[in-house]
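Using my numbering, the first residue of the sequence shown is number -15, and each one after it goes up by one.
Don't be surprised by glycine CBs; every beta carbon is placed ideally from N, CA and C.
None of the values given here were measured: they were computed from a predicted structure.
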Amino acid sequence: MASTDEPVLAAETVLEEADDDVSDDVFTEEESVEVSDKKAKKADKKAKKALKKAAKKAAKKAKKQAKEAKKAERKAAKKADKKAKKAVKKAAKAAKA
């Protein structure tokens, strides 16, 4: 479960870095408001892309886990069926004796 949080934490780090970049630009006298706005939009776009990537990765992992769970469920059902057949054979053998 912790590994699912890694992409989200990475995205949050990107957001924080982007926020820091924007803050630095605001306090820099040499930068104009227009340039700061452009950088903020770029940072926002970068952060959204990182979040989208993290969500996609988490969805892919969840899909894989669901597939593995389904496989394990089928395996358990097959094993239970095999045990039931064995019990039926044993009961039939006992009934003959």
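Does the Cβ of residue i lie closer than 6 Å to at least one heavy atom of the ligand HEM?
i, result
"A56", "The ligand HEM is not part of the structure shown, which contains no ligands of any sort."
Determine, using beta carbons only, whether residue i and residue j come nearer to each other than 7 Å.
i, j, result
"A31", "L(-1)", "yes"
"K41", "P(-9)", "yes"
Report the option in the options whose CA atom is closest to the CA atom of residue i.
i, options, result
"D28", "K45, E(-4), E57, K41", "E(-4)"
Please work out which residues of its chain come closer than 7 Å, Cβ to Cβ, to residue i, disregarding the five sequence neighbours upstream and downstream, and give them in chain order.
i, result
"A(-6)", "A34, A38"
"E1", "none"
Do we get a CB-CB distance below 7 Å when we pair residue i with the residues of chain B?
i, result
"A38", "Among the protein chains of the structure shown there is no chain B, as only one such chain exists."
- prompt: What are the uninterrupted segments assigned as beta strand (DSSP E) that are 3 or more residues long and contained completely in the stretch 13 to 64, given in chain order?
  reply: none
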